[in-house]
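*Asks:* Counting from 159, one number per residue, gives the positions in the sequence shown under my numbering. Note that the Cβ used here is the ideal one computed from N, Cα and C, for glycine as well.
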Amino acid sequence: MSRPRIIMRQIREVLRLSLSERRSIREISQACSLPKSTVSDYVKRAKQAGLCWPLPDDLDDDGLESLLFGANTPPVHAKPMPDLGYLHRELKRPHMTLMLLWVEYREAHPDGYGYTQFCEYYRRFADTLSPTMRQRHVAGAKTFVDFAGDTLPIYGPDDEVEFYAQIFVAVLGASNLTYVEALANQNLYHVIGAHTRAFSSFGGVTDAIVCDGMRTAVTKADRYEPVPNATYLEMATHYQMTVLPARPYHPRDKPKVEVAVLVVERWILARLRNRHFHSLAEANAEIVKLTWDLNHRVTKSLGTSRQELFETIERDHLRPLPATPYEFATWRRAKVSIDYHIIVSADRHYYSVPYRLVGTHVEVRLSEKSVQIFAKGVRVALHPRSSVRYGFTTDPSHMPASHRAHLEWSPSRIINWAKTTGPMTGALVEGVLERRPHPEQGYRSCLGIMSLAKTYSPERLEAACSRALSLGSYSYRSVASILKNGLDSAPPPGETPPSEPGPIHENLRGSDYYQ
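1) Mapping the DSSP letters down to three states, classify A352 as helix, strand or coil.
2) Determine the closest residue to S568 out of R547, Y601 and T301, with distance taken between C-alpha atoms.
3) Rounding to the nearest angstrom, what Cα-Cα distance links P311 and A418 in this structure?
4) Fully enclosed by the stretch 560-626, which beta strand (DSSP E) runs are 3 residues long or longer?
5) If N453 and S463 are in contact, beta carbons under 8 Å, what's the gap, nearest whole angstrom?
6) I'd like the list of long-range same chain contacts for Y634, defined as Cβ closer than 6 Å, with 5 residues on each side in sequence excluded.
7) Have a look at G589 and W575 and give me their C-alpha separation to the nearest angstrom.
8) For L222, I'd like the list of residues in its chain whose CB is within less than 8 Å of its CB, leaving aside the five on either flank, ordered along the chain.
9) Please state whether DSSP places M166 in a helix, a strand or coil.
10) Would a C-beta distance cut-off of 8 Å place T395 and W489 closer than the cut-off?
11) Please identify the residue among L258, E265 and V363 whose C-alpha is closest to the C-alpha of V303.
12) Are the stretch 491-499 and the stretch 176-188 touching by the rule of at least three beta carbon pairs closer than 8 Å?
13) So, using beta-carbon positions, are L645 and L586 closer together than 8 Å?
14) Under a Cβ-count criterion, where at least 16 other Cβ atoms within 10 Å of its own Cβ denotes burial, should D370 be classed as buried or exposed?
15) Measuring straight from C-alpha to C-alpha, what distance separates V296 and G331?
16) Roughly how many angstroms separate the alpha carbons of S198 and M239, rounded to a whole number?
17) Mapping the DSSP letters down to three states, classify S639 as helix, strand or coil.
18) In this structure, how does DSSP classify M418 when only helix, strand and coil are distinguished?
19) With distances taken from CA atoms, which of K642, G630, S187 and S624 is nearest L402?
20) Do V422 and V338 have their CB atoms nearer than 8 Å?
21) Span of the alpha helix (DSSP H) holding W489?
22) Does the beta-carbon of Q324 have 16 or more other beta-carbons within 10 angstroms, so that it is buried, or is it exposed?
23) For the beta strand (DSSP E) that contains I367, what are its first and last residues?
24) P480 to Y397, Cα distance in whole Å?
25) State the beta-bridge partners of E339 as determined by DSSP.
26) What runs of the alpha helix (DSSP H), each 4 residues or longer, lie entirely inside the stretch 194-244?
27) Among L629, S636 and S631, which residue has its Cα nearest to the Cα of L610?
28) Thinking S333 and E472 are a contact (beta carbons under 8 Å), I'd like their distance in whole angstroms, please.
29) Please classify E526: does DSSP put it in a helix, a strand, or coil?
30) Taking 7 Å as the limit between beta carbons, can you name the residues of its chain near S624, skipping five residues before and five after?
31) Would you decide whether N345 is buried or exposed? Buried here means 16 or more other CB atoms lie within 10 Å of its CB.
32) Helix, strand or coil for V520? Go by DSSP, reduced to three states.
33) Could you spell out the range, first to last residue, of the alpha helix (DSSP H) harbouring A388?
34) With a CB to CB cut of under 6 Å and the five nearest residues on each side skipped, what residues in its chain are close to D215?
35) Counting only the same chain and skipping the five closest in sequence on each side, list residues whose C-beta sits under 7 Å from that of R465.
What follows is the structure, given as structure tokens:
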């Protein structure tokens with residue numbers, strides 16, 4: 159049975175972090191919200207399959223699943239669980255270690271867990287007994303992001319509040335260097351833009367980014383397996399960062415940014431409480447000045463400023479920025495219609511995909527300039543983005559052979575064919591093509607008229623076209639209706655049919671009788 163799309167996306171992220179980023183099992187487990195045993199299993203299977211990063215472009219989700227798991231996966235047998243309460247009590251003894259307890263456990267259970275998993279189970283148990291822990295942040299390891307609870311009013315020309323700006327805060331874990339920006343709202347476009355500007359302000363990126371459960375960053379907030387937004391995850395991948403969503407209602411997962419938000423509200427927003435800003439640009443210009451003051455202010459606890467700490471311990475540990483900043487893009491899921499096109503609802507424009515995908519669901523990546531379409535993780539179509547409403551962008555290679563044949567028709571070829579039937583047919587076809595904004599829009603009507611020659615004689619088709627011309631009706635439907643109802647033999651509209659002479663007999667006097 160195929161694994162769900164979200165599972166395959168997680169597996170690809172596990173492989174990227176392991177094969178490309180060389181992250182540890184523990185780091186990958188935290189980043190992907192997966193058990194360490196599961197991560198270890200995926201990495202082991204990838205090595206056995208001989209996979210390397212990047213994965214082949216044509217390797218879709220089904221192919222990857224087959225390489226990793228094959229047709230028959232051997233069952234996993236449960237192992238005897240150590241007595242965690244006993245371990246906890248024994249560790250209070252002097253000189254007792256987990257290694258010694260594990261050796262005793264394996265002597266009693268030769269088929270038991272390895273040392274790493276044994277320790278992991280105990281640590282999980284111990285964390286439930288002592289959940290509070292002071293976190294230590296390594297330089298260049300994490301960036302924390304969140305929005306302040308307070309907002310900043312932006313006034314209109316009439317000095318009435320036009321909207322309340324949202325305050326975005328990003329802080330580096332080791333140095334506490336802070337970035338602040340006022341945004342119009344918390345939609346995905348503005349949030350992604352704020353992230354890229356924060357990274358540029360820092361002059362580099364950390365290994366991971368810890369985000370709150372904001373809707374733009376996390377599609378589905380969950381205590382154990384939060385689902386990152388596809389665009390947010392793509393941005394992080396562009397900067398080679400790992401997304402670590404904080405658990406809902408667990409502020410200790412992100413104490414750095416919680417404190418930073420409080421500092422921003424006290425040292426920046428409070429100082430702006432009596433200011434009236436009439437634009438975001440005006441507000442952000444002042445926020446930049448106050449943020450500079452905040453980062454250069456010497457703190458009592460450390461005896462140095464955030465900026466000095468950044469220069470001393472963290473700048474050299476940041477990863478360099480990529481050559482180009484992330485290009486904002488959104489992701490959509492679409493179903494391929496019977497004409498092998500999907501519609502981008504934002505533009506009301508249709509884009510083609512290979513015809514073999516008719517009836518399936520695909521993922522669509524929309525950027526400012528391009529539309530990319532993916533099926534099972536593999537890109538199957540790339541089009542320039544169009545703003546023509548209800549227009550079609552079609553790649554001929556996506557068409558079946560029978561449809562590609564239609565592309566070989568040109569206006570001159572269609573008109574020449576029509577004239578072989580008769581001048582009236584030729585005139586009607588020319589009129590159809592002339593009355594469309596683009597000749598190709600009239601091809602379908604002309605091809606329909608051509609198809610009528612398979613059912614009706616050339617004489618009848620010519621007569622029907624003549625009648626359609628006299629009616630000023632330049633369409634396939636009109637010609638088909640005339641032929642179906644036998645109107646091709648009727649006199650042209652407006653003409654009175656000649657009356658037939660009456661019978662001649664002796665009772666008819668004639669006009670001479672009355673003279």
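*Replies:* Taking the coordinates as given:
1) Helix, per DSSP.
2) Checked all of R547, Y601 and T301; the closest Cα to S568 is Y601.
3) Looking at the two C-alpha atoms, the distance is approximately 21 Å.
4) You should have found no qualifying run.
5) Contact between N453 and S463 holds: their C-beta atoms lie close to 7 Å from each other, under 8 Å.
6) Result list for Y634: S603, G606 and I607, in chain order.
7) Roughly 14 Å separates the two Cα atoms.
8) Cβ neighbours of L222 beyond the five flanking positions: M166, I169, R170, L213 and G535.
9) Three-state result, M166: helix.
10) With contacts defined by Cβ atoms closer than 8 Å, T395 and W489 do not form a contacting pair.
11) For V303, the nearest C-alpha among the options comes from V363.
12) Contact between the stretch 491-499 and the stretch 176-188 is absent, because fewer than three Cβ pairs lie under 8 Å.
13) Taking 8 Å as the Cβ cut-off, L645 and L586 do not qualify as a contacting pair.
14) Under this definition D370 is a buried residue.
15) Cα to Cα, the separation comes out at about 7 Å.
16) Rounded to whole angstroms, S198 to M239 spans 19 Å at the Cα level.
17) S639: helix per DSSP, three-state reduction.
18) According to the sequence displayed, residue 418 carries Ala and not Met. The three-state reading of DSSP puts A418 in helix, counting H, G and I together.
19) The shortest C-alpha to C-alpha distance from L402 to any of K642, G630, S187 and S624 is the one to S187.
20) Against a cut-off of 8 Å, the Cβ pair of V338 and V422 comes out as a contact.
21) No alpha helix (DSSP H) holds W489; the beta strand (DSSP E) holding it covers A487 to K493.
22) Flag for Q324 reads buried.
23) A366 to C369 is the extent of the beta strand (DSSP E) around I367.
24) When rounded, the distance between both Cα atoms is 7 Å.
25) DSSP lists F326 as partners of E339.
26) Along the length of the stretch 194-244, whole alpha helix (DSSP H) runs at least 4 residues long occupy 194-206 and 219-227, reported in chain order.
27) Per the Cα distances, S636.
28) Confirmed, Cβ separation roughly 4 Å.
29) DSSP places E526 outside both helix and strand once states are collapsed to three, so it counts as coil.
30) So the list reads M582, once near-sequence residues are dropped.
31) N345 comes out exposed.
32) In the structure shown, V520 sits in a strand (DSSP, three-state: E or B).
33) DSSP places A388 inside the alpha helix (DSSP H), whose first and last residues are A388 to H396.
34) Nothing listed; no residue qualifies.
35) As written in the sequence, residue 465 is Gln, which differs from the Arg given in the question. Cβ within range, chain order: L335, N453 and H454.
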